[in-house]
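Protein chains in written order, with our numbering: chain L, 2 to 93; chain D, 2 to 93; chain G, 2 to 93; chain W, 2 to 93. In what follows, a structure is listed as structure tokens, so that the remarks can point back to it.
4 protein chains.
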Amino acid sequence: MDERTKKEVLNRLRSIEGHVRGIERMIEKDEYCVDVINQTIAVQRALDKVNSLMLRNHLETCVTTAIRGEESHERERVIGELLEVFETASSL
Amino acid sequence: MDERTKKEVLNRLRSIEGHVRGIERMIEKDEYCVDVINQTIAVQRALDKVNSLMLRNHLETCVTTAIRGEESHERERVIGELLEVFETASSL
Amino acid sequence: MDERTKKEVLNRLRSIEGHVRGIERMIEKDEYCVDVINQTIAVQRALDKVNSLMLRNHLETCVTTAIRGEESHERERVIGELLEVFETASSL
Amino acid sequence: MDERTKKEVLNRLRSIEGHVRGIERMIEKDEYCVDVINQTIAVQRALDKVNSLMLRNHLETCVTTAIRGEESHERERVIGELLEVFETASSL
């Protein structure tokens, strides 16, 4: 991962960790269930953004290298892997 | 789209059309809401499969051609487009 | 289902059927994969709206009746069913 | 929230926090992007389970009380709120 993406992803994950701790405190204080659920959904959205940043980096580096390379087997591998990520993420 | 994917995608879409008509009949016959909702969700899943087939074809043809080509602008375009599809589909 | 919801849901499903046929034509005319995928995603969103209308009706009728009723077994059944719908739909 | 659900939800959230920290370490060690993405998706699924537990509790307590109560305005409020949660979660 390039240094800029790495730094941004790490910052976002640390902020997500803090968000999860905040949700724990909401539960300890018996806050309204629907408010807690909405915060949990917000964390899931923040993780979507992290995935999107990592996927962009993956497409620009590993996928580009494999597809520009001469090994058809490796090209097929990265494409199959991308489809799996797509299928898993779209059925969250 | 290669002929085999095209044929498979068209068959699946025609079957999805029939499935949607079946749901209309369930509603006309006042069937239980939850049963109807489950059928609607099944149609959404069937559409996921169609998307996955088209995406595989897209990766193997347009994306591969663009990434193996010499125009960096075109490479960036297909990558940006893939990310958009990924973001839209994973936030369905 | 009350008559107004029934009519609205049926209208939406007929329009979705037409949308699916439109996608078939796009494929027959070899339109750009990404444009087709975006139309398929639009159909999935339209089905989300149909589900939401049916779920509102279900909550206002069957669920309300069961929860206001005196049979605890029936109350548990509708709640369990709602959770299943929620889990299935949120993992689309 | 009843004490048992509260305890289970808190345990799951603490484990999710640890999982997020594990993903940070994977990134610091430059592990393969697709492996990291798959871990992020696993965290999103774990959060789905947390939401489902909180929603069950909400249906069995607040929603049941409101629907069994005599204030139609309050009944409508909890139903509207449930639909919003459903719509937000199913479009993650």
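Where a beta carbon is used, it is the ideal one built from N, C-alpha and C, also for glycine.
Just to confirm before moving on: does the CB-CB distance between D/Leu11 and G/Glu25 stay below 7 Å? yes
Using a Cβ-Cβ distance cut-off of 7 Å, determine whether D/Leu48 contacts chain L. no
Does the beta carbon of D/Thr65 sit closer than 7 Å to a beta carbon anywhere in chain L? yes
What residue range is occupied by the uninterrupted alpha helix (DSSP H) comprising L/Glu88? 73-91
Less than 6 Å between C-beta atoms, sequence neighbours within five positions excluded: which residues of the same chain meet that for L/Gln45? none
How would you write the range of the alpha helix (DSSP H) that D/Glu25 sits in, first residue to last? 4-29
Is DSSP giving L/Glu61 helix, strand or coil here? helix
Could you name the residues of chain L that W/Glu82 contacts, counting a contact when the two beta carbons are closer than 7 Å? Val35
Interface partners of W/Glu25 on chain L, CB under 9 Å: Val10, Leu11, Leu14, Arg15, Glu18
Going by the beta-carbon positions, is the gap between L/Val35 and W/Glu82 smaller than 7 Å? yes
Cβ shell of L/Val37 (< 7 Å), same chain only, five flanking positions each side left out: Ile24, Met27, Ile28
Could you tell me whether the Cβ atoms of W/Asn58 and W/Met2 are closer together than 7 Å? yes
Cβ-Cβ separation, D/Ala67 to D/Val86 (assumed contact under 8 Å), whole Å: Contact flag wrong, Cβ pair sits at about 14 Å.
Using a cut-off of 7 Å between C-beta atoms, extract the partners of G/Ile68 located in chain W. Thr65, Ile68, Arg69
Straight-line CA distance for L/Leu93 to G/Asp49? Since pLDDT at L/Leu93 reaches only 45, below the 50 mark, its modelled position is unreliable, and the value read off the structure follows with that caveat. Each residue's alpha carbon lies about 15 Å from the other.
Should W/Ser91 go down as buried or exposed, given a rule of 16 or more other Cβ atoms within 10 Å for buried? buried
Under 7 Å from the C-beta of L/Arg5: neighbouring residues of chain D: Ordered by position in chain D, no residue passes the 7 Å Cβ test against L/Arg5, which lies about 16 Å from the chain.
Should G/Glu72 be listed as close to the ligand COA, given that the test is whether its C-beta is under 6 Å from any heavy atom? Of the ligands one can find in the structure shown there are none, so the ligand COA has no counterpart to examine.
Same chain only: Cβ atoms within 7 Å of G/Thr41, ignoring 5 sequence neighbours per side: Ile24
Would D/Leu54 and D/Thr6 qualify as a contact pair, given that the criterion is a beta-carbon distance under 7 Å? yes
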